[in-house]
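Everything below concerns the one structure shown next.
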Amino acid sequence: DRRLHLGQVGEAVLRDFDVHDIAIHHRVGTLEIGETSLLVAVSAEHRRDAFEAALAAVDRVKESVPVWKREYGPDGATWQEGTPPRPVS
Numbered sequence: 097d098r099r100l101h102l103g104q105v106g107e108a109v110l111r112d113f114d115v116h117d118i119a120i121h122h123r124v125g126t127l128e129i130g131e132t133s134l135l136v137a138v139s140a141e142h143r144r145d146a147f148e149a150a151l152a153a154v155d156r157v158k159e160s161v162p163v164w165k166r167e168y169g170p171d172g173a174t175w176q177e178g179t180p181p182r183p184v185s
């Protein structure tokens, strides 16, 4: 099973990138279209390192954290399929 939790994603990013710290938060509950569901904050000496680490964290969350999304539309409610997990180093 390759599913991770947010803390494990943060630990992997700290290990793989030259950054000082990271915080990852995913909202729970009902969200309206356009509302933010994922927050990633990274501190680093250089902004490029922080941006690259944040992008990697978002990708890893989408690929490996079991976040289930139920969408409501005119035809009723459906569960949104996520991205299949990739091997995590």
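For reference, each letter of the sequence shown is one residue, going 97 to 185 in the working numbering. Glycine included, each C-beta is placed from N, C-alpha and C at the ideal position. Values in this document were obtained by computation on a predicted structure and should not be read as measured data.
| Query | Result |
| --- | --- |
| Please work out which residues of its chain come closer than 6 angstroms, Cβ to Cβ, to G125, disregarding the five sequence neighbours upstream and downstream, and give them in chain order. | none |
| Secondary structure at E167, three-state DSSP: helix, strand or coil? | strand |
| In the DSSP assignment, find the alpha helix (DSSP H) that holds G103 and state where it starts and stops. | L102 to D112 |
| Going by CA-CA distance only, name the one from E159, I129 and A173 that's closest to Q104. | E159 |
| Just to confirm, are D145 and F113 a CB contact at a threshold of 8 angstroms? | yes |
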